[in-house]
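Chains as they are written, first to last, in my numbering: chain C, 149 to 475; chain S, 149 to 475.
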């Protein structure tokens, strides 16, 4: 590696989550050459977490026998409201952070340029650059997991809105007066179709006497239920779980129709743990419902696809951000 | 006028509706110097309607003692799906038009460049250029009348989406399984909060025995009910009408919250006959509900305002389009 040792030709992408930090080293062509993973431990406070991010970056760089000197920039996706211009995490409830100058602190620790974005925006960017036909200029990414987040690409660029908080599709009201959401409102898409919403519906029904294979698999309290358990239950013929998952897929289809009516993008890409685990069970229903509810004309040429890069979307998107910003 | 007679310094804006055609002649600074109005008579077919549009343009130009030679371009807003690049009205159910090459036909009749856009996009453009602080770069226009339409300005430009059908906020589902909409779906914003939705709710309640001043004003069949009648009833203390209008204002607030969560614009501007007639009764509720339902951060610095140009939005927007396209 001696010949390239002084060239800053590598990029690092970081996905900062509430429970784990992922990092990846990428070549300029966005090929991933190493990964590292570490728990976040948000309870130890921002300074400790930022130390852990730096450690996770060093680990991934060391893993592929490089040094930080060979890295051009770091791109990082953080949960919550992120002010990328100021380099701050404005508000991240699941980290317990407010106005945290993450860019500055991490740059001081690593001696490298660091660029921040909201995690769903980063994932959308990663999917857009690596999975989607380069001719596509407008795309919405929707990521279904514990919560539901989104990101927008308009005219070929990440669209973040006037306060950098665009893309909050999870809190679109789909059912006025519907189930309560973590945000305080009722009837949000997230409260109807996220993994948490599905789990809650199953747990409530089980308490009311509903039979399901899931209680045989996980015990009566349904401890540690995961998206993959839903898939297993459906494949074993559990009609109840199938129906709950179908309903969630229908809500996703309706949310997509609303987005498509408003923005008329070329492509919708779905990602996140729920889609990774239940793509076969959900995608056909999502596509059918979206086309059914969308206004005439908006779905002409519209592609609705599932992302294949799964958990990597965050680190890939971080590398894309680092690449774009350090040009 | 002799000294300017050969300069093509005037613009014409046209608002083509299902019942009437409006035209206006504008100076380059967008000051309106004359207007004309004529019924559409869509039953006579596209050729006759396009002749009437040409007549309406000639009437407005003649009214201010000009000739067509002094006009630089015509900008026209048409209802329904418009392909502005092809110069066609793709689909306009309330005109009964499909794939009508309006641009070409009108250019042949007038000997002037003609530019087309969807009517709600045109109105948004008109409001954006004449009523809004020039610093604002992102805006959504929502127009409430018989139906509900919208338009988007992103990064300072009209955003029309990949098939030029963006901005269909009226068909955003707000209440899964809610009242039936003209588009065939249920629970669309338009089916909950347009003038038609309000009238339908009042008529249904009256049939079920609800007392209201409106029956004294208009007779038991509520014939020819208009937005202004709702205002009069509310100002005479009719609590039932007040409640129906309040509910419609709440749905508009929720629709705005959904849009704001997704796009995080700087300004929302409301227009259309319903808002013109009921601004005092509706705006405070709309603003309060939108801020209540929108996600934290998205309403920071957000302005939600009522347009003051009323019915002129279409012709003003047409003049802006003509100006922008003929530069």
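Each residue gets a CB set at the ideal place from its N, CA and C atoms; glycine is no exception. This one's a predicted model, so the numbers in the text were calculated from it and none came from an experiment.
Quick check: is the beta carbon of residue i nearer than 9 Å to any beta carbon in chain S?
| i | result |
| --- | --- |
| residue 417/C | no |
| residue 331/C | yes |
| residue 327/C | no |
| residue 264/C | no |
| residue 285/C | yes |
| residue 413/C | yes |
| residue 323/C | yes |
| residue 240/C | no |
| residue 244/C | no |
| residue 320/C | yes |
| residue 171/C | no |
| residue 149/C | Confidence is the limiting factor: at residue 149/C the pLDDT is only 44, short of 50, which leaves the residue's position unreliable and the question unanswerable from this model. |
| residue 254/C | no |
Note down the Cα distance separating residue i from residue j, rounded to an integer number of angstroms.
| i | j | result |
| --- | --- | --- |
| residue 455/S | residue 424/S | 8 Å |
| residue 151/S | residue 233/S | Only weak support exists for where residue 151/S lies, its pLDDT of 47 falling under 50; the value from the coordinates is given anyway. Answer to the nearest angstrom: the Cα atoms are 35 Å apart. |
| residue 399/S | residue 340/S | 7 Å |
| residue 99/C | residue 287/C | Examination of residue 99/C is not possible in this model, given that chain C is present from 149 through 475 alone. |
| residue 290/S | residue 401/S | 11 Å |
| residue 250/C | residue 208/C | 19 Å |
| residue 295/C | residue 397/S | 29 Å |
| residue 405/S | residue 333/C | 11 Å |
| residue 185/C | residue 222/C | 16 Å |
| residue 347/S | residue 395/S | 13 Å |
| residue 390/S | residue 360/S | 10 Å |
| residue 305/S | residue 275/C | 26 Å |
| residue 368/C | residue 331/C | 29 Å |
| residue 215/S | residue 259/S | 12 Å |
| residue 383/S | residue 345/S | 21 Å |
| residue 457/C | residue 171/C | 15 Å |
| residue 176/C | residue 262/C | 16 Å |
| residue 356/C | residue 327/C | 17 Å |
| residue 156/S | residue 174/S | 12 Å |
| residue 165/S | residue 462/S | 10 Å |
| residue 194/C | residue 240/C | 11 Å |
Any Cβ of chain C within less than 9 Å of the Cβ of residue i?
| i | result |
| --- | --- |
| residue 257/S | no |
| residue 179/S | no |
| residue 396/S | no |
| residue 227/S | no |
| residue 272/S | no |
| residue 315/S | yes |
| residue 410/S | yes |
| residue 391/S | no |
| residue 402/S | yes |
Which residue or residues does DSSP assign as beta-bridge partners of residue i?
| i | result |
| --- | --- |
| residue 163/S | 170/S, 225/S |
| residue 186/C | 169/C |
| residue 231/S | 236/S |
| residue 258/C | In DSSP, residue 258/C forms no bridge with anything. |
| residue 334/C | 328/C |
| residue 321/S | 336/S |
| residue 292/C | 296/C |
| residue 266/S | 226/S |
| residue 158/S | 219/S |
| residue 483/S | Beyond the ends of chain S as shown, which are 149 and 475, falls residue 483/S; an answer cannot be given. |
| residue 454/S | 418/S |
| residue 305/C | 302/C |
Going by other Cβ atoms of all chains shown within 10 Å of its Cβ, with 16 needed for buried, is residue i buried or exposed?
| i | result |
| --- | --- |
| residue 149/C | Note that residue 149/C has pLDDT 44, beneath the 50 cutoff, so the model's placement of it is unreliable and the number below is only indicative. With fewer than 16 Cβ atoms within 10 Å of its Cβ, residue 149/C is classed as exposed. |
| residue 227/S | buried |
| residue 449/S | exposed |
| residue 187/C | exposed |
| residue 446/C | buried |
| residue 379/C | buried |
| residue 432/C | exposed |
| residue 343/C | buried |
| residue 471/S | buried |
| residue 244/S | exposed |
| residue 475/C | exposed |
| residue 338/C | buried |
| residue 349/S | buried |
| residue 335/S | buried |
Is the beta carbon of residue i less than 9 Å from the beta carbon of residue j?
| i | j | result |
| --- | --- | --- |
| residue 180/S | residue 419/S | no |
| residue 202/C | residue 159/C | no |
| residue 266/S | residue 313/S | yes |
| residue 198/C | residue 257/C | yes |
| residue 421/S | residue 162/S | no |
Return yes when at least one heavy atom of the ligand NAD lies under 8 Å from the C-beta of residue i, else no.
| i | result |
| --- | --- |
| residue 454/C | Of the ligands one can find in the structure shown there are none, so the ligand NAD has no counterpart to examine. |
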